[in-house]
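Undergrad:
Protein chains in written order, with the working numbering: chain A, 1 to 354; chain B, 355 to 714.
#1: Against chain A, does residue 582/B count as a neighbour if the rule is that its beta carbon must be under 9 Å from one of theirs?
#2: Helix, strand or coil: how does DSSP classify residue 547/B here?
#3: Using a C-beta to C-beta distance shorter than 9 Å, which residues of chain A count as neighbours of residue 403/B?
#4: Between the C-alpha atoms of residue 578/B and residue 471/B, what's the straight-line distance to the nearest angstrom?
#5: Would you mind reading off the limits of the beta strand (DSSP E) that contains residue 575/B?
#6: Let me make sure I understand the geometry here. Which of 679/B, 653/B, 389/B, 663/B has the alpha-carbon closest to that of residue 399/B?
#7: Provide the residue span of the beta strand (DSSP E) that contains residue 299/A, from first to last.
#8: Between residue 516/B and residue 575/B, what straight-line distance do the alpha-carbon atoms span, to the nearest angstrom?
#9: In the DSSP assignment, what are the bridge partners of residue 238/A?
#10: Which residues of chain B have a Cβ atom closer than 8 Å to the Cβ of residue 227/A, listed in chain order?
#11: By the 10 Å Cβ neighbour count, where 16 or more other Cβ atoms means buried, how is residue 441/B classified, buried or exposed?
#12: Does residue 205/A come within less than 9 Å of chain B when only Cβ atoms are used?
#13: Return the chain-ordered ranges of every alpha helix (DSSP H) run that is complete within the stretch 12-86 of chain A and spans a minimum of 4 residues.
#14: Where do the ends of the beta strand (DSSP E) carrying residue 484/B lie?
#15: Would you tell me roughly how many angstroms separate the C-alpha atoms of residue 95/A and residue 30/A, rounded to the nearest one?
#16: Compare the Cα-Cα distances from residue 396/B to each of 640/B, 479/B, 605/B and report the closest residue.
#17: For a test of the three-state rule: what should DSSP assign to residue 591/B, helix, strand or coil?
#18: Just mark residue 638/B as buried or exposed, buried being the case when its beta carbon has 16 or more other beta carbons within 10 Å.
#19: Where does residue 369/B land, buried or exposed, given buried means 16+ other C-beta within 10 angstroms?
#20: Count Cβ pairs between the stretch 183-199 of chain A and the stretch 146-155 of chain A that sit closer than 8 Å; are there 3 or more?
#21: Which one or two residues does DSSP pair with residue 390/A in a beta bridge?
#22: Indicate whether at least one CB of chain A lies closer than 9 Å to the CB of residue 427/B.
#23: Answer yes or no: the CB of residue 408/B versus the heavy atoms of the ligand COA, is any distance below 8 Å?
#24: Under 9 Å, Cβ to Cβ, is there at least one residue of chain B near residue 360/A?
#25: Among 525/B, 659/B, 539/B, 522/B, which has the Cα closest to the Cα of residue 355/A?
#26: How many whole angstroms separate the CB atoms of residue 270/A and residue 293/A, which I take to be in contact at a CB cut-off of 8 Å?
#27: Measure the CB-CB distance between residue 590/B and residue 488/B and report whether it falls below 9 Å.
#28: Residue 31/A CB to nearest chain B CB: under 9 Å?
#29: Pairs of beta-carbons, one from the stretch 538-553 of chain B and one from the stretch 619-633 of chain B, closer than 8 Å: are there three or more?
#30: Quickly, what does DSSP pair residue 685/B with across the bridge? List them, please.
#31: Which runs of the beta strand (DSSP E) at least 3 residues long sit entirely within the stretch 127-199 of chain A? Give them in chain order.
#32: Output needed for residue 477/B: all residues of its chain with C-beta closer than 8 Å, excluding positions within five of it in sequence on either side, in chain order.
#33: Between residue 525/B and the rest of its own chain, which residues show a CB-CB distance below 6 Å, the 5 nearest in sequence each way excluded?
#34: Please list, in chain order, the chain A residues whose beta carbon lies closer than 7 Å to that of residue 510/B.
#35: Run through the DSSP bridge pairs and tell me what residue 366/A is partnered with.
#36: Measure the alpha-carbon distance for residue 491/B versus residue 298/A and round it to whole angstroms.
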């Protein structure tokens with residue numbers, strides 16, 4: 001009999017200890033962790049954040065943000081009776097603050113009497129974020145209205161505090177929705193411009209890449225440079241010269257641009273500009289000239305060189321290898337097209353003859 | 355909804371670069387009662403979102419490669435100009451990114467740190483990656499509990515991207531301005547920096563001056579509630595100008611004395627994640643304390659420092675003095691060049707160890 005009594009007492013003590021370990025029979029994250037709270041897809045309690053947000057939908061759609069937040073405050077005042085006075089006062093102070101910011105913005109109307117829909121800086125969208133810091137949660141950290149949420153407050157108080165914070169956070173998250181879309185669009189525009197700059201721009205060697213960002217890209221300007229410096233830029237090109245008493249002659253050269261400048265237009269999809277030019281080749285003396293850039297279409301230059309043999313000045317044209325291949329390829333392409341067309345005509349005629 | 359963004363470090367990353375990291379996270383989570391009991395994977399509870407940016411580096415390497423190829427072909431046909439073209443010889447190796455540690459790793463660091471025309475689009479791409487993912491998920495007032503984990507160069511990129519996103523309003527083409535993602539209006543729950551090189555590569559804003567700090571520093575402009583910093587004792591990259599902020603309060607968590615060895619590359623992301631002090635800190639922060647103190651202490655206690663079943667780990671442990679010497683030589687240095695030089699030496703050592711144990 002005595003042994004049975006001891007066992008019963010031991011069981012009671014064990015159960016009490018277990019209840020204490022899990023926080024008086026409830027887990028904080030069930031009320032304070034947004035994801036866990038959202039897992040309840042059909043909440044019965046009308047104060048559940050999902051239900052509250054549903055109730056407030058008409059006010060939110062109408063842009064009556066202060067009314068929506070005011071409603072959450074009233075709900076807290078009626079359900080948060082078990083919340084200790086200091087925590088109630090902290091919550092009230094934060095509601096007062098956010099309501100003042102929202103009302104100030106809502107009071108601003110433009111010339112046509114339309115309400116200004118811009119977000120108010122003083123609202124602070126992250127104001128109601130619940131911060132998990134083991135073993136509890138904190139609210140309004142560092143504002144002077146700090147609330148430490150622990151199981152010691154009791155289940156009703158924890159529920160009132162956390163659900164109120166989550167409801168208010170949902171409304172404020174929705175409040176910044178249009179603003180988030182603007183940020184998304186703006187970042188998309190910046191990234192597109194940089195993609196254009198690198199994909200459609202003139203290729204840059206390491207030193208050019210370094211110098212071109214040195215002065216133009218900074219904290220305030222997130223756009224790619226509007227101008228591009230060309231410095232000591234070598235590339236392979238084709239020089240076309242007509243020596244005396246000879247036909248047009250092609251010389252493969254290295255075209256070195258000692259310095260030049262390019263201007264970007266149309267969201268960095270196109271550029272134009274000019275640079276100095278030195279041509280080097282084992283088949284001819286060095287030439288000097290000017291190179292004109294026309295986007296990725298190519299570059300065309302004028303070059304002259306002193307003939308070492310007779311001292312006469314020779315002139316010539318320089319085109320980028322890509323452009324040269326494009327131009328030189330045209331007669332071939334036309335010939336092939338002509339041949340195909342002639343074959344088609346022949347086969348059609350043969351068909352008709354049969 | 356819980357989201358964990360992961361941002362990679364230096365090096366060439368293929369399309370599926372995140373898979374080993376996600377697999378390691380899943381494997382580590384499966385060691386604990388919460389996931390066993392619920393028979394859930396981490397991916398059931400947390401959406402893991404990879405954010406990449408290495409395309410910004412590879413496109414430049416490819417462009418230079420094409421340019422030098424054309425010059426090389428020309429030089430072969432024009433022997434007399436060989437000397438001119440030889441000046442560009444040093445660019446030749448860009449083709450070997452897979453094998454060459456310098457070109458595949460250190461060049462990324464140099465391009466990011468010193469080239470604003472590379473740094474800016476990298477930052478913007480990461481910002482866009484984050485925002486593009488968050489916007490649809492936050493629609494209709496949905497609460498997203500967002501965390502971000504970055505590794506190596508990614509820690510610097512992440513710091514810079516978050517600092518830019520959180521410090522000033524952003525204006526679109528139509529002149530519309532928004533502060534929706536600024537500190538005060540949005541905050542990450544946790545930032546996890548693995549092998550943090552944020553300080554040695556910092557430009558503007560600096561790590562001390564930016565908003566990328568926990569609430570225990572300046573709550574008014576904190577861009578995260580908690581900041582975790584993980585550092586391995588033998589990893590040379592985070593040793594140079596180590597990230598050791600003073601007075602960051604109780605929401606800054608520094609796990610700096612890691613000394614486990616599972617493979618020669620102790621800088622590796624998965625290698626860091628394997629240690630219970632790293633992954634339990636991460637899982638508990640994201641999932642709000644699902645692994646209790648007893649289970650955590652037992653996991654740390656039972657975790658062997660060296661994986662004796664892996665000959666490469668044993669060989670690396672044998673070379674710990676050499677690695678320690680390498681770290682010791684740079685620990686008081688504070689410039690990115692030193693870090694890059696140490697990185698190259700470290701890469702060579704890792705290769706040597708892998709070759710020796712037949713894992714290369």
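Ideal Cβ positions, reconstructed from N, Cα and C, are used throughout, including at glycine.
TA: In short, the structure shows the following:
#1: For the purposes of this step, residue 582/B is taken as residue 228 along the second chain, with counting starting at 1. No, no contact with chain A.
#2: Taking the second chain and counting its residues from 1, one reaches residue 547/B at position 193. Note: residue 547/B maps to strand in three-state DSSP.
#3: Counted from its first residue, the second chain places residue 403/B at position 49. Going along chain A, no residue has its Cβ under 9 Å from residue 403/B, so there is no contact; the nearest lies around 15 Å.
#4: In the second chain, counting from the first residue as 1, residue 578/B sits at position 224. In the second chain, counting from the first residue as 1, residue 471/B sits at position 117. Taking the straight line joining both Cα atoms gives about 28 Å.
#5: Numbered from 1 along the second chain, position 221 holds the residue referred to as residue 575/B. That residue, residue 575/B, is in no beta strand (DSSP E); it is neither H nor E in DSSP.
#6: Here residue 399/B is taken as the residue at index 45 of the second chain, counted from 1. Here the closest residue by C-alpha is 389/B.
#7: Within the first chain, numbered from 1, the residue matching residue 299/A stands at position 299. 298-306 is the extent of the beta strand (DSSP E) around residue 299/A.
#8: Taking the second chain and counting its residues from 1, the one referred to as residue 516/B is at position 162. Taking the second chain and counting its residues from 1, the one referred to as residue 575/B is at position 221. A straight line joining the alpha-carbon of residue 516/B with that of residue 575/B spans about 12 Å.
#9: As a first step, residue 238/A is located in the first chain; it is residue number 238 there, counting from the start. In the DSSP assignment, residue 238/A forms a beta bridge with 252/A, 319/A.
#10: Here residue 227/A corresponds to residue number 227 of the first chain, with the count starting at 1. Within chain B, no residue comes near residue 227/A; the closest Cβ sits about 12 Å away, beyond 8 Å.
#11: Reading the second chain from its first residue, position 87 is the one you call residue 441/B. Residue placement at residue 441/B is flagged as unreliable, the pLDDT there being 49, under the threshold of 50; the coordinate-derived value follows with that caveat. Counting Cβ neighbours within 10 Å, residue 441/B comes out exposed, since fewer than 16 surround it.
#12: Counted from its first residue, the first chain places residue 205/A at position 205. Using beta-carbon distances, residue 205/A counts as an interface residue toward chain B, with a partner under 9 Å.
#13: You should have 29-32, 34-38, 49-61, 65-79.
#14: Looking up residue 484/B in the second chain gives position 130. It is not in any beta strand (DSSP E) - residue 484/B instead sits in the alpha helix (DSSP H) that spans 470-491.
#15: Reading the first chain from its first residue, position 95 is the one you call residue 95/A. Reading the first chain from its first residue, position 30 is the one you call residue 30/A. Going by C-alpha positions, residue 95/A is about 24 Å away from residue 30/A.
#16: In the second chain, residue 396/B corresponds to position 42, counting from 1. Measuring from the Cα of residue 396/B, the nearest candidate turns out to be 640/B.
#17: Position 237 of the second chain holds residue 591/B. Correct three-state label for residue 591/B: helix.
#18: On the second chain, position 284 is the one that residue 638/B refers to. Buried: at least 16 other Cβ atoms inside 10 Å.
#19: The residue labelled residue 369/B in the question sits at position 15 within the second chain. It is exposed - the Cβ of residue 369/B has fewer than 16 other Cβ atoms within 10 Å.
#20: Segments in contact, no.
#21: This structure gives no information on residue 390/A, because the portion of chain A shown stretches from 1 to 354.
#22: Numbered from its first residue, the second chain carries residue 427/B at position 73. Closer than 9 Å to some Cβ of chain A, the Cβ of residue 427/B qualifies, so yes.
#23: The ligand COA is absent from the structure shown, which contains no ligands of any kind.
#24: Because chain A in this structure spans residues 1 to 354, residue 360/A falls outside the shown range and cannot be described.
#25: The structure shown does not extend to residue 355/A, since chain A spans only 1 to 354, so no value can be given for it.
#26: For the purposes of this step, residue 270/A is identified with residue 270 of the first chain, where counting begins at 1. For the purposes of this step, residue 293/A is identified with residue 293 of the first chain, where counting begins at 1. In fact, because the Cβ distance is near 10 Å, the residues do not count as touching under 8 Å.
#27: The residue given as residue 590/B occupies position 236 in the second chain. The residue given as residue 488/B occupies position 134 in the second chain. In this structure, residue 590/B sits away from residue 488/B, with a CB-CB distance that is not shorter than 9 Å.
#28: For this step, residue 31/A is matched to residue 31 along the first chain. Output row for residue 31/A: interface = no.
#29: With the cut-off at 8 Å, the stretch 538-553 of chain B and the stretch 619-633 of chain B touch.
#30: As a working mapping, residue 685/B is identified with position 331 in the second chain. Residue 685/B is not bridged to any residue.
#31: Taking only runs of at least 3 residues, the beta strand (DSSP E) segments lying wholly in the stretch 127-199 of chain A are 131-133, 136-139, 147-149.
#32: Walking along the second chain from the start, residue 477/B turns up at place 123. For residue 477/B, where only same-chain residues beyond five positions count, the Cβ hits under 8 Å are 511, 514, 515, 518.
#33: Numbered from its first residue, the second chain carries residue 525/B at position 171. Scanning its chain for C-beta atoms nearer than 6 Å, with the 5 sequence neighbours on each side dropped, one finds around residue 525/B the residues 531, in chain order.
#34: Counting from 1 along the second chain, the entry for residue 510/B is found at position 156. Simply none; closest approach about 16 Å.
#35: Because residue 366/A is not part of the residues shown, which for chain A are 1 to 354, the question remains open.
#36: Mapped onto the second chain, residue 491/B falls at position 137. Mapped onto the first chain, residue 298/A falls at position 298. Their Cα atoms are separated by approximately 45 Å.
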